[in-house]
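Trainee: So that we are looking at the same thing, I have put the structure below in structure tokens.
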Amino acid sequence: MLQGYRTHSHVALPQNTPDRMTLSILTWLMLLHCCCFSSTFGSSSEQYANQSICHKRRFQELSCSSLNLSSVPNYLESGLKKLDLSNNFIQTLNKESTASLGSLQELDLSFNRLDLLTRSAWRNLVQLQSLNLTGNNLDRNRKRNSAALQSLKSLKVLELSQNNLNSDTAALYLKNMSSLEHLGLARNKLTTLSSELFHQSPTWRASALKTTSLWKSTREPLRV
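Going by mature numbering (1 follows the signal peptide of the UniProt record, and there is no 0), the letters in the sequence shown line up with residues -42 to -1, 1 to 182, in that order.
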């Protein structure tokens, strides 16, 4: 009896060993899966939390201001006319972030960290008439930013104040912007603006020269 019991115990141990290894592997895989799920769910939860905080001011008007966003939310509904993304940490725009904004007419991106405006993103904004880019970092990536701005064929109001722009950069950004009726350039590093810029549109010339934003760009009157 005793010998049989020992034999049974001796035989059982090798049979149980693979089961323990299998359990260990399965446990490790489950932990790995949970970690990945937690990371994805956390990111998704943060996104939907931001969605719930964004609020409609009026029909077709949405405010996502001051939500610590680092990118444009990708859940935005189509049909929006006015979108406020001011006072966040957005650094760039891509075509995915503007894919549903084909009806947008007013966009406020003031006081973010924008330094790159990709042309593919702005091509989606075919109806955009008013763009506020005050307080960003648009003194960088001049050529790409210029190409992006020039793709906005319906733009009438453009705010570029507080972007550390010099005269050459401002001239590059405003080239071929004949649709503009109002321009804001306050608190930049401007000293001159080419008269050719104002010959693009009589309406823009009259409006721009009446606004204080041009004359506050420097301590001395601009030479036009």
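The C-beta atom is built at its ideal place from N, Cα and C for all residues, glycine as well. Just so it is clear, the structure is predicted and the values come from calculations on it, not from any experiment.
Go through its chain and collect everything with a Cβ distance to Leu75's Cβ below 6 Å, but skip five positions before and after it.
Mentor: Answer for Leu75: Asn103 and Ala106, listed in chain order.
Trainee: Nearest CA to the CA of Tyr33: which residue from Arg100, Thr150 and Glu54?
Mentor: Of the candidates Arg100, Thr150 and Glu54, the one whose C-alpha sits nearest the C-alpha of Tyr33 is Glu54.
Trainee: Applying the 10 Å Cβ sphere with the 16-neighbour rule, what's the burial state of Gly37?
Mentor: Looking at its Cβ environment, which holds fewer than 16 other Cβ atoms inside 10 Å, Gly37 is exposed.
Trainee: Please work out which residues of its chain come closer than 6 Å, Cβ to Cβ, to Thr50, disregarding the five sequence neighbours upstream and downstream, and give them in chain order.
Mentor: Closer than 6 Å at the Cβ level, and outside the excluded window around Thr50, lie Leu74.
Trainee: Is Asn90 a contact residue of the ligand GTP, with contact defined as CB to any heavy atom under 7 Å?
Mentor: No copy of the ligand GTP appears in this structure; indeed no ligand is present at all.
Trainee: Per DSSP, which one or two residues make a beta bridge with Leu20?
Mentor: DSSP output for Leu20 lists Lys14 and Leu41 as bridge partner(s).
Trainee: Shortest alpha-carbon distance to Lys101 belongs to which of Lys114, Leu113, Arg77 and Glu35?
Mentor: Out of Lys114, Leu113, Arg77 and Glu35, Arg77 has the C-alpha closest to the C-alpha of Lys101.
Trainee: Alpha carbon to alpha carbon, how far is Leu43 from Leu116? Give it in angstroms, no decimals.
Mentor: Those two C-alpha atoms are separated by around 16 Å.
Trainee: What three-state label does DSSP hand Asn90 in the structure shown?
Mentor: Strand at Asn90.
Trainee: Considering only residues of the same chain and omitting the five flanking positions on each side of Ile11, which have a CB-CB separation below 6 Å?
Mentor: Result list for Ile11: Leu25, in chain order.
Trainee: If the criterion is Cβ atoms closer than 8 Å, does the pair Gln63 and Leu27 meet it?
Mentor: The answer is no: Cβ separation not under 8 Å.
Trainee: In the DSSP output, what is Asp73 paired with across the bridge?
Mentor: Looking at the DSSP assignment, Asp73 forms no beta bridge with any residue, so it has no partner.
Trainee: Per DSSP, which one or two residues make a beta bridge with Gly142?
Mentor: The partner list for Gly142 (beta bridge, DSSP) reads Glu117.
Trainee: For the candidate residues Ser23, Leu72, Leu65 and Lys14, whose alpha-carbon lies nearest to that of Ser112?
Mentor: Closest option to Ser112, Cα to Cα, is Leu65.
Trainee: When burial is assigned at 16 or more other CB atoms within 10 Å of the CB, is Asn134 buried or exposed?
Mentor: Its Cβ having fewer than 16 others within 10 Å, Asn134 is exposed.
Trainee: Report the three-state DSSP secondary structure of Leu130 (helix, strand or coil).
Mentor: Helix at Leu130.
Trainee: Closer than 8 Å by C-beta to Leu72: which residues in its own chain qualify, once you throw out the five before and the five after it? Chain order, please.
Mentor: Taken in chain order, the residues that qualify are Ile48, Gln49, Thr50, Leu51, Leu91, Asn94, Asn95 and Leu96.
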